[in-house]
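Data first, discussion second: the structure below is written as structure tokens.
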């Protein structure tokens with residue numbers, strides 16, 4: 001259903017970008033590349049250090065086998081260029097005359113120190129758009145802070161809300177910060193392209209990862225703003241917006257499920273059906289049988305009620321598998337879903353039948369690799385797998401030779417001079 | 421972006437100033453997508469109803485703790501700057517107004533359970549009849565198609581299904597997951613990008629677009645390293661706590677005060693040396709147990725307790741500033757209060773105070789980007805339910821005053 005080859009034009013195929021980012025910014029270019037933009041990934045000669053990030057194909061730590069790199073650079077072309085050299089800067093300045101957009105994630109001031117700031121580049125291409133993705137933005141007291149994922153997660157407020165109350169604040173187990181920042185950057189780049197279409201002007205975009213993490217607190221900041229309360233981490237429970245605690249995590253026969261015991265107009269019927277099921281198995285009690293789901297609302301929850309209810313549901317869920325419970329939830333409208341492991345996700349028929357997974361051919365590995373697919377589909381201009389991620393310098397002769405017109409001799413000189 | 425009090429009277433270029441958006445969303449994903457288009461300058465109308473009250477208008481925090489649809493700051497933060505019309509879509513005249521709004525709009529966003537828009541007669545095929553070039557975006561938990569598409573869930577369940585719970589927790593402990601309805605803040609990034617790309621495409625071709633999104637699949641796009649490790653290497657990632665393969669120490673360390681913490685992450689030997697100097701223990705640099713990354717990983721538990729001994733004697737603010745000045749990655753674990761007092765977020769004006777008709781001045785979050793030649797638009801607060809019924813009907817749709825009055829008498833606006 002999704003990702004099928006098609007002769008239709010892709011959404012952004014009119015646009016072209018240079019992507020100078022490492023793992024802090026590659027999600028931005030990935031989103032734009034999947035939407036059809038021609039993204040040229042620029043790496044330092046020898047390859048970007050983010051190629052050293054795992055996991056690796058067949059656990060072989062090799063810059064050409066990083067699965068992390070593969071996924072974030074699919075559909076991009078790749079060249080190498082040492083922008084610290086005079087020749088490298090010269091080629092870079094020629095390239096920017098041929099593109100709409102530059103994406104970068106260097107430490108603040110790095111490109112400026114090479115004479116490649118937005119101000120300088122916009123002299124060469126007045127319509128150029130440049131987006132910088134950093135931990136904290138280009139100005140301000142934290143602008144030079146070192147900003148790996150866990151630092152941004154802490155300073156954006158997400159860690160204080162995650163984990164058990166009696167243990168340290170916890171991060172999300174797969175680094176997330178720079179995916180959020182990259183997503184915000186993609187939005188801003190597309191906004192700036194619209195602005196360029198309307199006015200002919202380019203501009204500079206400054207993205208802060210901390211800002212993007214701050215959004216992940218949902219009502220956290222509003223609770224402080226209105227009532228001067230700090231929400232804290234509560235393990236398998238959550239504080240909801242009015243300071244009430246809610247249990248959402250329950251063990252079952254083969255793992256865990258997420259379940260919210262909501263009632264009211266929209267969910268009372270499904271709760272009643274769940275209790276009927278529990279009765280058929282002899283696992284309901286008087287308390288749950290007599291509970292008035294229709295008038296139940298989040299505003300009426302107390303710790304005592306949560307505890308009492310949780311005991312009954314837990315006892316029942318422990319006799320059922322994730323699949324049994326979820327099948328019931330789909331049919332009956334319960335707010336219950338499995339805590340899927342990666343294995344569960346790959347085996348899940350729903351994602352398979354939707355055609356979510358894509359096969360990407362890797363001739364250099366004599367294999368094809370299954371990737372998570374595109375998180376949307378389009379009626380007019382579908383996303384497509386155009387090419388696997390580039391190998392180091394794979395498109396040097398295509399871009400420097402065919403597009404910039406350098407001769408094979410010049411390419412050899414640049415290669416041996418460590419410039420490409 | 422300028423502070424609101426300074427911005428009054430200033431008109432800068434609004435990027436999407438000619439773009440019109442109708443938001444049939446509720447809860448979080450569609451409302452945020454529409455709000456972001458508003459941040460870029462689009463005119464956004466949210467269609468809602470007291471007969472089917474938006475679930476986040478029912479969630480707190482409420483102004484003065486009094487539950488009311490117009491008092492929820494959970495709602496307001498996600499609906500900045502919109503115009504609201506309250507329409508009973510079961511009333512045929514209400515449906516007529518809805519269709520006029522659809523004809524007015526360039527973009528329609530919705531995130532109801534699959535089938536709801538179809539039952540209203542507002543599915544893409546029907547809408548295309550009255551607005552052929554519309555960009556119509558549907559987002560739902562599991563997408564419009566597929567064996568589980570009918571599941572009616574929220575982002576808490578979305579994050580569970582997307583694998584984000586199973587990778588967030590302590591080794592051997594419960595998978596506590598990330599806070600909140602996590603995938604609700606992943607999905608909009610893709611959805612908004614898709615809508616903007618479709619607007620650019622339409623600008624060149626005149627063609628509209630139907631966009632379909634599963635919020636869980638968006639979540640899967642954010643845990644792809646773990647998915648691919650399973651696909652290619654058969655490795656199932658379980659809760660790793662705060663550990664990171666290429667860094668040690670890497671975690672949150674207790675500081676002075678009640679529940680105060682600072683994270684520290686050391687990747688390189690240089691950062692390790694800088695750390696030892698900074699904590700006034702330079703002889704530790706030579707300790708063979710910790711001098712190399714392999715050594716630090718092997719002795720990570722001992723290292724953690726050494727680091728914690730030092731942090732326990734200092735405030736989280738001091739630990740962060742002192743270490744960052746020395747070139748060591750560190751960041752305090754911030755509460756909501758800390759966020760509101762954070763000098764960097766303040767410098768970027770992340771929290772804007774806008775004056776809501778019922779709540780008064782309160783904080784709204786700005787997006788994570790700033791433009792050099794266009795403002796991020798945060799001029800008006802979120803709307804009260806149906807606040808702009810009259811404005812939308814008369815100014816935007818061009819109804820006459822008596823037409824509006826008769827619709828109001830007919831109970832259309834509720």
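Residue numbers (the working numbering), protein chains in the order written: chain A, 1 to 420; chain B, 421 to 834.
For each residue, glycine too, the CB sits at the ideal point set by N, CA and C.
Under 7 angstroms from the C-beta of residue 215(A): neighbouring residues of chain B: Taking the first residue of the first chain as 1, we reach residue 215(A) at position 215. Close to residue 215(A), with beta-carbon spacing below 7 angstroms, are these residues of chain B in chain order: 605, 785.
Residues bridged to residue 415(B) (per DSSP): Residue 415(B) is absent from the model: chain B starts at 421 and stops at 834.
Beta carbon proximity, residue 97(A) to chain B, threshold 8 angstroms: Within the first chain, residue 97(A) is the residue found at index 97, counting from 1. Look at residue 97(A): its C-beta is not under 8 angstroms from any C-beta on chain B.
Residue 662(B): contacting residues in chain A (beta-carbon distance under 8 angstroms): To locate residue 662(B), count along the second chain from 1; it is residue 242. Near residue 662(B) (Cβ distances below 8 angstroms), the residues of chain A are 150, 168, 170, 171.
Cross-chain neighbours of residue 208(A) in chain B, by beta carbon under 9 angstroms: On the first chain, position 208 is the one that residue 208(A) refers to. Here the neighbours are 764, 765, 768, 770, 788, 789, 790.
Minimum Cβ-Cβ distance from residue 353(A) to chain B less than 8 angstroms: Within the first chain, residue 353(A) is the residue found at index 353, counting from 1. Yes, because at least one Cβ of chain B sits closer than 8 angstroms to the Cβ of residue 353(A).
Beta-carbon neighbours of residue 747(B), restricted to chain A and to distances below 8 angstroms: Residue mapping note: residue 747(B) aligns to position 327 of the second chain, counting from 1. Per Cβ cutoff of 8 angstroms: 146.
Alpha carbon of residue 602(B) to alpha carbon of residue 172(A), nearest angstrom: Translated into positions along the second chain, residue 602(B) becomes position 182. Translated into positions along the first chain, residue 172(A) becomes position 172. The straight-line gap from Cα to Cα measures roughly 11 angstroms.
Interface partners of residue 712(B) on chain D, CB under 7 angstroms: Note that chain D does not occur in the displayed structure, where the protein chains are A and B.
Residue span of the beta strand (DSSP E) that contains residue 38(A), given as start and end: In the first chain, the residue the question calls residue 38(A) occupies position 38. It spans 38-43 - the beta strand (DSSP E) in which residue 38(A) sits, taken as one unbroken run.
Buried versus exposed call for residue 512(B) [16 or more other C-beta atoms within 10 Å across all chains shown]: Position 92 of the second chain, counted from the start, is the residue given in the question as residue 512(B). Burial check for residue 512(B): the Cβ neighbour count within 10 Å stays below 16, so the residue is exposed.
Residue-level contact to chain A via CB, residue 626(B), 8 angstroms cutoff: One-based indexing of the second chain puts residue 626(B) at position 206. No - not a single Cβ of chain A is within 8 angstroms of the one on residue 626(B).
Meets three-Cβ-pair contact criterion under 8 angstroms: the segment 669-678 of chain B and the segment 47-66 of chain A: Not touching, per the Cβ criterion.
Cβ pair residue 555(B), residue 655(B) closer than 8 angstroms: Looking up residue 555(B) in the second chain gives position 135. Looking up residue 655(B) in the second chain gives position 235. Result no, Cβ atoms of residue 555(B) and residue 655(B) do not sit closer than 8 angstroms.
Minimum Cβ-Cβ distance from residue 330(A) to chain B less than 8 angstroms: Looking up residue 330(A) in the first chain gives position 330. Yes, residue 330(A) counts as interfacial toward chain B.
Through-space distance from residue 337(A) to residue 257(A), alpha-carbon basis: Taking the first chain and counting its residues from 1, the one referred to as residue 257(A) is at position 257. Taking the first chain and counting its residues from 1, the one referred to as residue 337(A) is at position 337. Distance between the alpha carbons of residue 257(A) and residue 337(A): 6 angstroms.
Test: residue 738(B) CB closer than 8 angstroms to a CB of chain A: Here the question's residue 738(B) lines up with position 318 in the second chain. For residue 738(B), the answer is no, since every Cβ of chain A falls outside 8 angstroms of its Cβ.
Straight-line gap, residue 794(B) to residue 185(A) (C-alpha atoms, nearest Å): Position 374 of the second chain, counted from the first residue, corresponds to residue 794(B). Position 185 of the first chain, counted from the first residue, corresponds to residue 185(A). Cα to Cα, residue 794(B) sits roughly 15 angstroms from residue 185(A).
Beta carbon proximity, residue 225(A) to chain B, threshold 8 angstroms: As a first step, residue 225(A) must be located in the first chain, where it is residue number 225. Answer yes: the Cβ-Cβ gap between residue 225(A) and chain B drops below 8 angstroms somewhere.
Burial state of residue 183(A), where buried means 16 or more other Cβ atoms lie within 10 Å: Position 183 of the first chain, counting from 1, holds the residue named residue 183(A). Buried, by the Cβ-count rule.
Chain A contact for residue 659(B) (CB, 8 angstroms cutoff): Stepping through the second chain from its first residue, residue 659(B) is reached at position 239. With 8 angstroms as the cut-off, residue 659(B) counts as an interface residue toward chain A.
Exposure of residue 75(A), with buried meaning 16 or more beta-carbon neighbours within 10 Å: As a working note, residue 75(A) is residue 75 in the first chain. Per the 10 Å Cβ criterion, buried.
Contact set between residue 14(A) and chain B, taken where Cβ atoms lie within less than 9 angstroms: Counting from one through the first chain, the residue named residue 14(A) turns up at place 14. Residues of chain B passing the Cβ test: 620, 621, 624.
Touch test, the segment 239-252 of chain A against the segment 264-278 of chain A, Cβ-Cβ under 8 angstroms, three pairs minimum: Here the segment 239-252 of chain A makes no contact with the segment 264-278 of chain A; the two share fewer than three CB pairs at distances below 8 angstroms.
Backbone secondary structure at residue 715(B) - three-state DSSP: Translated into positions along the second chain, residue 715(B) becomes position 295. Of the three classes helix, strand and coil, the one that applies to residue 715(B) here is helix, per DSSP.
Residues bridged to residue 772(B) (per DSSP): As a working mapping, residue 772(B) is identified with position 352 in the second chain. DSSP lists 784(B) as partners of residue 772(B).
Which residues DSSP lists as bridging residue 362(B), in chain order: Coverage of chain B is limited to positions 421 through 834, which leaves residue 362(B) absent and any answer about it impossible.
Counted within 10 angstroms of its Cβ, other Cβ atoms place residue 361(A) as buried (16 or more) or exposed: The sequence position of residue 361(A) within the first chain is 361, counting from 1. With fewer than 16 other Cβ atoms within 10 Å, it is exposed.
Under 7 angstroms by beta carbon: chain A residues contacting residue 617(B): Position 197 of the second chain, counted from the first residue, corresponds to residue 617(B). Under the 7 angstroms cutoff, chain A gives 11, 12, 35, 190.
Residue 219(A) versus residue 132(A) - alpha carbon distance: Working through the first chain from its first residue, we reach residue 219(A) at position 219. Working through the first chain from its first residue, we reach residue 132(A) at position 132. Each residue's Cα considered, the two are about 28 angstroms apart.
Given residue 39(A) as reference, the closest of 62(A), 157(A), 21(A), 168(A) once Cα atoms are compared: Your numbering for residue 39(A) matches position 39 in the first chain. Minimum Cα-Cα distance from residue 39(A) among the listed residues 62(A), 157(A), 21(A), 168(A) corresponds to 21(A).
C-beta neighbour in chain A for residue 500(B), strict 8 angstroms: Taking the first residue of the second chain as position 1, residue 500(B) is located at position 80. Not one chain A Cβ lies under 8 angstroms of residue 500(B).
Close beta carbons around residue 359(A), own chain, < 7 angstroms, minus the five adjacent residues each side: Stepping through the first chain from its first residue, residue 359(A) is reached at position 359. Around residue 359(A), the same chain offers 368, 370 as residues with beta carbons nearer than 7 angstroms, after the five sequence neighbours per side are excluded.
Rounded separation between residue 428(B) and residue 496(B) - CA only: Position 8 of the second chain, counted from the first residue, corresponds to residue 428(B). Position 76 of the second chain, counted from the first residue, corresponds to residue 496(B). Residue confidence is low: residue 428(B) scores 39 on pLDDT, short of 50, so the model does not pin down where it sits. No coordinate-derived value is stated.
Which residues DSSP lists as bridging residue 623(B), in chain order: Against the second chain, residue 623(B) aligns to sequence position 203. According to DSSP, residue pairing for residue 623(B) in a beta bridge does not occur.
Contact set between residue 587(B) and chain A, taken where Cβ atoms lie within less than 9 angstroms: In the second chain, residue 587(B) corresponds to position 167, counting from 1. Ordered by position in chain A, the residues that pass the 9 angstroms Cβ test against residue 587(B) are 172, 173, 174, 341, 342.
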